[in-house]
Amino acid sequence: MAVVLAECPFSVVCMINATKNFYLFLGFHSFLLGLFPFFLPVYLYKNGAGLDEISWFIAVTGIAFSLTLFSLDFLRGKSYLLPLLISFVLEICLLALLVVGAPLWLVGIINGAYNCLYWTLQRILFLSGGTEENSGKRFGDFQIYILIVLKMGILCGSLLLENVGIVSVCMLSVAIACTGCIFFIKQRAHLNFPQSLVLQQPVNVMELLRFKDNCRSRQVFIFDGVFLYLESYFWVISLFLMVGESFVRLGGLVILLALILGVIFYVIKNMIDNIDKQKVYRVGVILYMLSWGFRGLFNTELSSILQVAMLLVIAFCTSFFRLTFNKRFFDLAKRSGENRYIFVKSHYSQFFIAVVFAIFGCCVINFDDNVGFLQTIYFGAAGCSIFYLLYRSYDT
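In terms of the working numbering, the sequence shown opens at residue 1254 and continues consecutively.
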């Protein structure tokens, strides 16, 4: 009993330190993401890249992500300090390459490596501190936190890109990244991976090929990454065109939507863990299908009131679905070997991102107005969203 009591305070301190470092990691990177990576697709478009070139850029990003994920298996040890520091360096390299006008394929490689380290570390650190009973609330909490910090970055990034230029964004990003690196180096004693990840063997190609479960995870992993890039790249370009290709107006629109949704999700996050899992997930998928249908119908000829109403519906439906989907994903990860499930998901998603967008880039190359083809893509996405219903929990 004495031993147990002696260890409890130490365990509590470790958990507090891990939670603090998780949120600081999110804070630094969310602000950096808002400063520029959020604007990356519209920056490429504004500087002459067509939908075909952006699609090939996404394909290269997917390949680089997957290759970096294999490398991350060899970088991981007891501490995650090294991959964390590399993530900051890669974000600065991404901006520096754009400043000097580097080839798009090289920018795509750095973008993929950066995305891999950031998103994988985020998922591992999130998963290490949750349970099925609180996963929805915890995901809602850190989504609200990211929403606030990311939007602060978007506000700064939009003002700098519109009024000064990318060099100023690069300089501010360097200052923030250096601050982050110095802080985490000082905190290195508390930057430890979960023991389950340290001890596990690297995920290999044969394991990926043999992967299968009763929840149809593999089928969902295959197309989920494609939908994420449709949201974060193509839909952002559509919004950019809607606001007259203005970085400031795009940033303002995104922040306004985020503020409204933040209030709604503050309420929802505290309820989702107590609602029937299957019902709430099905509602999420139906709303997601609806969001893509509205994207297909959306155009600037509609009245301003109708445009705002549609944008709110699209943002709400998408965010609600992502909340329900990520709850299911993290719950299944907890039961399926946590970190291996994350790695397998990323490998499948990124490989098919590379394949699908490479093919898509070849298909639209002959369209004179390939960006105008986006509404057709959104209608197709609305129909394909139904396949998310394949994703089952262990309880169904």
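All C-beta atoms, glycine included, are put in the ideal place defined by N, C-alpha and C.
query: In chain order, which alpha helix (DSSP H) runs of at least 4 residues are fully inside the segment 1465-1520?; result: 1470-1482 and 1488-1495
query: Spatial neighbours of I1407 within its chain, please: CB distance less than 7 Å, with the 5 preceding and 5 following residues excluded, ordered by chain position.; result: G1287, F1291, G1504, V1507 and I1508
query: How big is the Cα-Cα spacing for I1517 and V1566?; result: 12 Å
query: If we count Cβ pairs, one from each stretch, closer than 8 Å, do we get three or more for the segment 1306-1318 versus the segment 1596-1611?; result: yes
query: So the alpha helix (DSSP H) S1556 belongs to, where does it begin and stop?; result: Careful: S1556 lies outside any alpha helix (DSSP H) and carries neither H nor E.
query: Can you find at least 3 beta carbon pairs, one from the segment 1566-1582 and one from the segment 1347-1366, that sit closer than 8 Å?; result: no
query: Can you give the beta carbon distance from R1376 to R1645, rounded, assuming they're within the 8 Å contact cut?; result: The Cβ separation is near 21 Å, so there is no contact.
query: Check for me: the alpha helix (DSSP H) holding P1336 runs from which residue to which?; result: L1334 to V1352
query: Got a sec, what are the start and stop residues for the alpha helix (DSSP H) S1426 sits in?; result: I1419 to K1439
query: Looking at the structure shown, is N1445 part of a helix, part of a strand, or coil, going by DSSP?; result: strand
query: Classify G1537 as buried or exposed, calling it buried when 16 or more other Cβ atoms lie within 10 Å of its own Cβ.; result: buried
query: Any contact between the segment 1454-1463 and the segment 1554-1574? By contact I mean 3 or more CB pairs, one from each, below 8 Å.; result: no
query: On the premise that F1310 lies in contact with S1426, defined as a C-beta separation below 8 Å, what is that separation, rounded to the nearest angstrom?; result: At roughly 20 Å, the Cβ-Cβ gap does not stay under 8 Å, so S1426 and F1310 are not in contact.
query: Going along the chain, which residues of its own chain have a beta-carbon closer than 6 Å to the beta-carbon of V1417, five neighbours each way excluded?; result: none
query: So is A1635 buried or exposed if we call it buried at 16+ other beta carbons inside 10 Å?; result: buried
query: Between which two residues does the alpha helix (DSSP H) holding L1208 run?; result: This structure cannot speak to residue 1208, because the chain is shown only from 1254 to 1649.
query: Could you tell me whether the Cβ atoms of Y1541 and Y1631 are closer together than 8 Å?; result: no
query: Could you compute how far the alpha carbon of C1423 sits from the alpha carbon of A1302?; result: 21 Å
query: A1634 lies in the alpha helix (DSSP H); which residues open and close that run?; result: L1627 to C1637
query: Compute the distance between the beta-carbons of I1419 and V1352, then report whether it is under 8 Å.; result: yes
query: On a CA-only basis, which of N1274, I1401 and D1477 is nearest Y1333? Give me that one, please.; result: N1274
query: To which residues of the same chain is Y1367 closer than 7 Å at the C-beta, ignoring the five residues directly before and after it?; result: S1340, L1343, E1344 and L1347
query: Have a look at L1462 and R1593 and give me their C-alpha separation to the nearest angstrom.; result: 14 Å
query: Out of curiosity, what's the CA-to-CA distance linking I1528 and A1586?; result: 20 Å
query: Measure the C-alpha to C-alpha separation of V1402 and H1443 and round it to an integer number of angstroms.; result: 23 Å
query: Hey, could you find the ends of the alpha helix (DSSP H) V1295 is sitting in?; result: L1293 to K1299
query: Using 8 Å as the threshold, is the C-beta distance between I1490 and P1294 below it?; result: yes
query: To which residues of the same chain is F1487 closer than 7 Å at the C-beta, ignoring the five residues directly before and after it?; result: L1627 and I1630
query: Kindly list the residues whose CB is nearer than 7 Å to the CB of D1326, restricted to its own chain and excluding five residues on each side of it in sequence; keep chain order.; result: P1455 and V1456
query: Mind checking C1409: buried by the 16 CB within 10 Å criterion, or exposed?; result: buried
query: Tell me whether C1431 is buried or exposed, calling it buried when 16 or more other Cβ atoms sit within 10 Å of its Cβ.; result: exposed
query: Using 10 angstroms around the beta-carbon of S1556, count the other beta-carbons present and answer buried if the total reaches 16, otherwise exposed.; result: exposed
query: For S1411, collect the residues of the same chain with a Cβ closer than 6 Å to its Cβ; drop the 5 residues on either side in sequence, then sort them by chain order.; result: F1500, V1501 and G1504
query: Quick one: what does DSSP say A1355 is sitting in, helix, strand or coil?; result: coil
query: Determine, using beta carbons only, whether F1281 and I1429 come nearer to each other than 8 Å.; result: yes
query: Give the range of the alpha helix (DSSP H) segment to which V1458 is assigned.; result: V1458 to R1463
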